[in-house]
Amino acid sequence: MELRDEELRLVAIRRRATQLAVALVTEPFSVDTDAQLRSYVERDADEAQVLVREVLAISPARLRERIAELTRSKSVRGEVTA
């Protein structure tokens, strides 16, 4: 069982958002943090909202099934690059 493209994209966006959150706490005035924030807003924020709405539209039962499928699968790896 492989992660779907939308799932991979959402995981990658969340990872970047988490990295940004850490940077905002640890180095809020850094030029790199500013660049990360601008990149997130320009590149990821709108798509993340769409993807999250799609996930929230899935019935709780189907969501549990999908999580169970992914949990049972040995082909899903923790690595996401994007």
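Read in this note's numbering, the sequence shown has 112 at position 10, and its numbers run on one by one without any break.
Each residue gets a CB set at the ideal place from its N, CA and C atoms; glycine is no exception.
Taking a 10 Å sphere around the C-beta of residue 146, we find 16 or more other C-beta atoms and assign the residue as buried. The C-beta of residue 151 has fewer than 16 other C-beta atoms within 10 Å across all chains shown, which makes the residue exposed.
DSSP places residue 106 in the coil class of the three-state scheme, outside both helix and strand. At the C-beta level, residue 125 and residue 142 stay beyond 8 Å of one another. With fewer than 16 other CB atoms across the displayed protein chains lying within 10 angstroms of its CB, residue 158 is exposed.
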